[in-house]
């Protein structure tokens, strides 16, 4: 079975500071990795995804993530956050050839303060 | 990107009534849609996989007779919460799968907040 662990439930940070949201996964088979953002009372929006190739993936809104196979991690980073980045962030995995099911982590609430 | 809509966005109903939630893919065809449930401050839990023209596949612990899913066309899936009770109050989110395999992407609807009184 697969599982996703987001190590921080809440991350407060000041505007223009860098941020890292941590994600670790467990799987005995190959997976694809995703980060989604959820603004209050809205659905999820895809930030970025890792399918294969370069382990550093760039997404929308200035976010990037690095896949580390040996550490089974896929941490999300942004060098300088804005107030508008305040939202819930979810890491997810999708197992290759298993019908597209996504398994989500518990979520990390990013709170950007002025 | 592709757009997925949900209707209604918010619904309040009395205990014992049934509520239908629609999920539509607006600019692509989706043979597969997914239904999730999200409690406050928690993650999304997959309830079922909805396949066009066939029965839905439910996750362990999800009552099939309680949460009826119908995927009647390539752009529409519905979730009906039958005989709703206060514990069914939650945020329900659907997603639609565009493509298959390596390049597939799931697009999420904006969610439906259900409150059962």
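Protein chains in written order, with the numbering used here: chain A, 69 to 182; chain B, 524 to 640.
The C-beta atom is built at its ideal place from N, Cα and C for all residues, glycine as well.
The structure displayed is predicted, hence computed values, not measured ones.
Quick check on this structure: which residue in the options has the alpha carbon closest to the alpha carbon of residue i?
i: residue 583/B; options: 595/B, 556/B and 569/B; result: 569/B
i: residue 625/B; options: 182/A, 136/A, 124/A and 99/A; result: 99/A
i: residue 600/B; options: 541/B, 629/B, 538/B and 575/B; result: 575/B
i: residue 638/B; options: 581/B, 615/B, 554/B and 567/B; result: 615/B
i: residue 128/A; options: 102/A, 171/A and 70/A; result: 102/A
i: residue 162/A; options: 89/A, 118/A, 113/A and 83/A; result: 118/A
i: residue 620/B; options: 632/B, 589/B, 610/B and 564/B; result: 632/B
i: residue 613/B; options: 602/B, 604/B and 636/B; result: 636/B
i: residue 122/A; options: 110/A, 151/A, 168/A and 136/A; result: 136/A
i: residue 547/B; options: 540/B, 530/B and 559/B; result: 530/B
i: residue 131/A; options: 120/A, 78/A, 138/A and 113/A; result: 113/A
i: residue 579/B; options: 560/B, 602/B and 562/B; result: 602/B
i: residue 595/B; options: 573/B, 587/B, 588/B and 589/B; result: 573/B
i: residue 157/A; options: 115/A, 70/A and 69/A; result: 115/A
i: residue 95/A; options: 146/A, 77/A, 139/A and 109/A; result: 139/A
i: residue 150/A; options: 69/A, 84/A and 70/A; result: 84/A
i: residue 564/B; options: 78/A, 120/A, 134/A and 133/A; result: 78/A
Whole-angstrom Cβ separation of residue i and residue j, contact assumed at under 8 Å?
i: residue 532/B; j: residue 549/B; result: Not confirmed; about 15 Å, so no contact.
i: residue 571/B; j: residue 544/B; result: Wrong, their Cβ atoms sit about 13 Å apart, outside the cutoff.
i: residue 618/B; j: residue 557/B; result: 5 Å
Taking a contact to mean a Cβ-Cβ separation below 8 Å, would you say residue i touches residue j in this structure?
i: residue 153/A; j: residue 180/A; result: yes
i: residue 634/B; j: residue 628/B; result: no
i: residue 174/A; j: residue 538/B; result: no
i: residue 148/A; j: residue 86/A; result: yes
i: residue 75/A; j: residue 144/A; result: no
i: residue 168/A; j: residue 555/B; result: yes
Can you give me the Cβ contacts of residue i inside the same chain, cut-off strictly under 6 Å, excluding the 5 residues immediately before and after it?
i: residue 609/B; result: 639
i: residue 141/A; result: 92
i: residue 534/B; result: 542 and 637
Whose C-beta lies closer than 7 Å to the C-beta of residue i among residues of the same chain, with five residues either side of it excluded?
i: residue 552/B; result: 597 and 598
i: residue 72/A; result: 91, 93, 159, 160, 161, 171, 172 and 173
i: residue 155/A; result: 105, 106, 107 and 178
i: residue 611/B; result: 604, 637 and 639
i: residue 97/A; result: 163 and 164
i: residue 82/A; result: 181
i: residue 540/B; result: 607
i: residue 562/B; result: 613
Only counting the same chain, and skipping five residues up and downstream in sequence, which positions put a Cβ closer than 8 Å to that of residue i?
i: residue 585/B; result: 570 and 571
i: residue 526/B; result: 548, 549, 550 and 630
i: residue 590/B; result: 558, 570, 571, 581, 602, 603, 604 and 605
Item checked: Residues within the segment 166–177 of chain A neighbouring chain E, beta-carbon criterion of under 7 Å -> The structure shown contains no chain E; the protein chains it does contain are A and B.
Note to self: Under 9 Å, CB to CB, which of the residues in the segment 100–115 of chain A have a partner in chain B?
What the structure shows: Flagged, chain order: 100, 102, 104, 106, 109, 110, 111, 112, 113 and 114.
Next item on the list: With 7 Å as the C-beta to C-beta threshold (strictly closer), list the residues of the segment 131–165 of chain A near chain B in chain order.
Entry: 158
Note to self: What are the residues in the segment 556–569 of chain B lying within 9 Å of chain A by C-beta distance?
What the structure shows: 557, 559, 561, 564, 565, 566, 567, 568 and 569
Notebook entry, point to check: Of all the residues that make up the segment 618–640 of chain B, which are near chain A by a beta-carbon distance shorter than 9 Å?
Noted result: Answer in chain order: 618, 620, 623, 624, 625, 626, 627, 628, 629, 630, 631, 632, 633, 634 and 636.
Next item on the list: With 7 Å as the C-beta to C-beta threshold (strictly closer), list the residues of the segment 572–586 of chain B near chain A in chain order.
Entry: Against chain A - using a Cβ distance shorter than 7 Å - the residues of the segment 572–586 of chain B are 572.
Notebook entry, point to check: Using a beta-carbon distance cut-off of less than 7 Å, what residues from the segment 538–554 of chain B approach chain A?
Noted result: Residues of the segment 538–554 of chain B with a C-beta atom less than 7 Å from some C-beta of chain A do not occur.
Margin query: For the segment 119–131 of chain A, list every residue whose C-beta sits within 9 Å of some C-beta in chain B, in sequence order.
Written below: 119 and 120
Check: Using Cβ-Cβ distances below 9 Å, what residues of the segment 600–620 of chain B are close to chain A?
Finding: 614, 616, 617, 618 and 620
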